[in-house]
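Sequences listed follow chains A and B, in order.
With the numbering used here applied, the first sequence closes on residue 643, and no number is skipped along the way.
With the numbering used here applied, the second sequence closes on residue 431, and no number is skipped along the way.
What follows is one structure encoded as structure tokens, with my remarks underneath.
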Amino acid sequence: MLVTAFLIAFFIFLLGFYVGRLFDSTRLTNGDNMILDTQLDTDSFVTEKEFFSIFAVQDCPLLDKRMQKLGENLGEIGRTITRYDTRSLSEGDVYNQLKRKYFLLEMKAYTLRKEIADSCASKDSNVILFFYNTENNQESLNQGYALDSLVSNFNNTIVFSVDSEFEEPALNSLKAYYNVTIVPTIILNYEKKVEGYISEEDIVDLII
Amino acid sequence: MVELLTPFTFYIWSMAFLSVFVSLFWIIVNSVLKMHGKKHAVLKNYPLVTVAIPAWNEEKSIVSTLECILMLDYPKDKLEIIVVDDKSSDNTVPVARKFIAKHKNIKLLRHAKNKGKAGAMNTAIKHAHGEYFWVYDADSYASKDLLKNLIERFYEEGNENVGAVVAITLIKNQGNWVEKMQRLEYVMTAFMRKLTGSADTLHTTNALSLFRTEAIKKISGFDEGNLTEDFEIAMRMRFNGYRLIMCEKGNFYTRVPDKIKNMWFQRVRWFRGFIYNTLKYKKMAFNKQFGLLGLFQIPLEIFVLLSLFVSIALFGYHIIGELINILYMVYIMGYNFFDYFTLPSFNQFLLELNWRLLFPSIVVLCSAVYLYIEAHRYVGEKWRFYIPSLLYLLVYPLFRSMQWIHAASLEIFRAKKKW
Chain A
436 MLVTAFLIAF
446 FIFLLGFYVG
456 RLFDSTRLTN
466 GDNMILDTQL
476 DTDSFVTEKE
486 FFSIFAVQDC
496 PLLDKRMQKL
506 GENLGEIGRT
516 ITRYDTRSLS
526 EGDVYNQLKR
536 KYFLLEMKAY
546 TLRKEIADSC
556 ASKDSNVILF
566 FYNTENNQES
576 LNQGYALDSL
586 VSNFNNTIVF
596 SVDSEFEEPA
606 LNSLKAYYNV
616 TIVPTIILNY
626 EKKVEGYISE
636 EDIVDLII
Chain B
13 MVELLTPFTF
23 YIWSMAFLSV
33 FVSLFWIIVN
43 SVLKMHGKKH
53 AVLKNYPLVT
63 VAIPAWNEEK
73 SIVSTLECIL
83 MLDYPKDKLE
93 IIVVDDKSSD
103 NTVPVARKFI
113 AKHKNIKLLR
123 HAKNKGKAGA
133 MNTAIKHAHG
143 EYFWVYDADS
153 YASKDLLKNL
163 IERFYEEGNE
173 NVGAVVAITL
183 IKNQGNWVEK
193 MQRLEYVMTA
203 FMRKLTGSAD
213 TLHTTNALSL
223 FRTEAIKKIS
233 GFDEGNLTED
243 FEIAMRMRFN
253 GYRLIMCEKG
263 NFYTRVPDKI
273 KNMWFQRVRW
283 FRGFIYNTLK
293 YKKMAFNKQF
303 GLLGLFQIPL
313 EIFVLLSLFV
323 SIALFGYHII
333 GELINILYMV
343 YIMGYNFFDY
353 FTLPSFNQFL
363 LELNWRLLFP
373 SIVVLCSAVY
383 LYIEAHRYVG
393 EKWRFYIPSL
403 LYLLVYPLFR
413 SMQWIHAASL
423 EIFRAKKKW
């Protein structure tokens, strides 16, 4: 009876693993679809921007608005991917690819935002680049909460979050450019670098 | 890639597997029992039974207890009733004497000083002439057919080395929710004893268990000073090669504490007794000589007890970590803290569940419900879910965990034993 119970329990666990694997695939497909949608939005945005540039149309408010939306979508993808992080047991490689796509998309959006800020000389919105590492790093978590609160209070703020430990050549270049050595580090409006935790009030003082 | 790598998640997986394995094991035992019904022995001549009533300040219940015994469906000339007064300070002795004057087969023995229940039973054993020895708590009463059913089990084929037959215990007082909650516990315990009895891993007796007198004498009677002498004698019987079985026909009813405080201290005493006696007979664990009891039941109980402390430590650490995190969030985010928690869509909710763990958990839950229904069927009661059931399933395990911690700490610090 013990052996039978053990074998059935083992079979149930295998079945559980199989169901879990199916959900892993669904999660990855869901994450991939979200990224694909945002990628299309980015491409659409780039095309629109090129069109404006070639036909000499200057519609900075529209570009700002679209950029804001793009930032919100990226934030949503980031939160979803972070939540999946604790669930991803199988297909780790595919999950890493998903993260890679996400961070590259963020970097692209960050670069685009800089380009628009330069061409429109826009001072209406603020951009924050946030380097974090959530594993055993309470300061990074706290910085994330402070930035979430900032975004809730100031709608014109976009935060691009980057996992400092994630291995990706383009992200390494970004880290090297800003000389990021510790986490958390935030870059305010492309220039001001703050290392270590900084409160919402202090960020507001720096960007306003 | 995180889940299998931390000790916490590994522990959760192990516990989930163990829960599925154990619940399935008992379901299989139950199914096998259903397939192979037992033939009950029918006796022409019933043997002499000594009924021992340990009495301490029982002036209110002693007469009804004796009347209840005399009303049993059992030949009166085959009953030897011994009341052992354990130095009562009330009128137990005069009340009992008055009743005994009218009945020749009842004896009253008196202790010069209080010796406890085990001491009273040892006194009764010394004067017992019966082939079987029935411990009858003064606050309990048996259904009329119980004694016959208990005796018949000794005479079933293959039960020659049975040292004791354990009766189904049910609750007499089911008034308030504390009592109702215990009712569920007693129903489940009775059913689990039936299963353990069938798997030959039963190692406890209760207030109205029937012993083979020769077996008790052979192992030198009850352990005086032990917090749970009924558990200790059961362990000692098993240690000496006797089997214990359940009697599935007939019940006995007992009174349970009606207040949380009393219930708390009763359980703490039981759990202390369990810890002490399990350590006393630790040689039985992982010992092939004791079959499934040594290789499965005792190691499982030790593991469950140890895992309780590990669980509290791990979950405590986890919960404290989460609380610290929430405090940080509240401190940093202020009112925006509430924006952080948004309800996910149904699809998102499904995707965020840990299905690998949820799947076996659902199996365990279904098994638990199945066993719950079977347990009620076993004791002949209608199963139902009501508030005390929910309290029993959701709150009582936490309550019980704290009682275990209390009992373990008392045992570690060798606190004075209290009954």
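Cβ atoms here follow ideal geometry from the backbone N, Cα and C, with glycine treated the same way.
Quantities reported herein were computed from a predicted structural model and do not represent experimental measurements.
- For Lys156 of chain B, no alpha helix (DSSP H) segment is defined, and its DSSP state is neither H nor E.
- Straight through space, the alpha carbons of Asn188 of chain B and Ala202 of chain B are spaced by roughly 21 Å.
- Chain-order list of chain B residues neighbouring Leu576 of chain A: Asn337, Tyr340 and Met341, by C-beta distance under 9 Å.
- Taking every protein chain shown into account, the CB of Asp598 of chain A has 16 or more other CB atoms within 10 angstroms, so this residue is buried.
- Chain B has a Cβ within less than 8 Å of the Cβ of Leu450 of chain A.
- For Met345 of chain B, the neighbours in chain A by C-beta distance under 9 Å run, in chain order, Tyr580, Ala581, Asp583, Ser584, Ser587 and Glu635.
- Against chain A, the CB of Pro311 of chain B has no partner CB under 8 Å away; the residue lies outside that interface.
- For Ala202 of chain B, DSSP records no beta bridge to any residue.
- If you look at Glu334 of chain B, you'll find it in the alpha helix (DSSP H) that goes Ile310 to Met345.
- For Ser584 of chain A, the enclosing alpha helix (DSSP H) begins and ends at Gln573 to Asn588.
- Taking the Cβ atoms as the reference, Ser575 of chain A lies roughly 5 Å from Pro619 of chain A, within the contact range of under 8 Å.
- Here Leu320 of chain B has Ser413 and Trp416 as same chain residues with Cβ atoms under 7 Å from its own Cβ, once five neighbours each way along the sequence are excluded.
- Residue pairing of Cys259 of chain B in beta bridges, as defined by DSSP: B:Ala179.
- Pairwise C-beta distances place the segment 218 to 237 of chain B in contact with the segment 177 to 193 of chain B, as three or more of them are shorter than 8 Å.
- The beta carbon of Glu197 of chain B is closer than 8 Å to those of Tyr404 and Tyr408 in its chain, skipping five residues each way along the sequence.
- For Ile65 of chain B, the enclosing beta strand (DSSP E) stretches over residues Val61 to Ala67.
- Asp235 of chain B counts as buried, since no fewer than 16 other beta carbons sit within 10 angstroms of its beta carbon.
- Taking 8 Å as the cut-off between beta carbons, none of the residues of the segment 604 to 619 of chain A comes near chain B.
- For the pair Ala67 of chain B and Ala136 of chain B, the CB atoms are not nearer than the 8 Å cut-off.
- Of all residues in the segment 355 to 383 of chain B, those with a C-beta nearer than 7 Å to a C-beta of chain A are Leu363, Glu364, Asn366, Trp367, Arg368, Phe371, Pro372 and Val375, reading in chain order.
- Here Cys259 of chain B is buried: its Cβ has 16 or more other Cβ atoms, across all protein chains shown, within 10 Å.
- In this structure, DSSP gives Ser608 of chain A a helical state, which the three-state scheme calls helix.
- Beta bridge pairing from DSSP links Phe595 of chain A with A:Leu564.
- Of the residues A:Arg456, A:Val529 and A:Glu600, the one whose Cα lies closest to the Cα of Phe565 of chain A is A:Glu600.
- DSSP places Trp146 of chain B inside the beta strand (DSSP E), whose first and last residues are Tyr144 to Val147.
- Using beta-carbon distances, Met436 of chain A counts as an interface residue toward chain B, with a partner under 8 Å.
- In its chain, beyond the 5 residues on either side, Ile470, Thr473, Gln474, Thr477 and Leu509 have a beta carbon closer than 7 Å to the beta carbon of Leu540 of chain A.
- At least one beta carbon of chain A lies nearer than 8 Å to the beta carbon of Phe29 of chain B.
- By the criterion of a C-beta distance shorter than 7 Å, Lys534 of chain A is surrounded in its chain by Ile516 and Phe601, once the five residues flanking it on both sides are discounted.
- Per DSSP, Lys484 of chain A is one residue of the alpha helix (DSSP H) stretching across Leu437 to Ile489.
- In the DSSP assignment, Phe411 of chain B falls within the unbroken alpha helix (DSSP H) covering Tyr408 to Ile424.
- Residue contact check for Asn508 of chain A against chain B: no CB pair falls below 8 Å.
- A Cβ-Cβ contact shorter than 8 Å links Pro311 of chain B with Ala297 of chain B.
- Taken in chain order, the whole alpha helix (DSSP H) runs of length 4 or more contained in the segment 200 to 280 of chain B are 225 to 230 and 241 to 251.
- Neighbours of Ile443 of chain A in chain B, taken as residues at a C-beta separation under 7 Å, are given in chain order as Leu36.
- Take Met275 of chain B, set aside five residues on each side of it, and the residues of its chain with a beta-carbon closer than 8 Å to its own are Val190, Gln194, Val268 and Pro269, in chain order.
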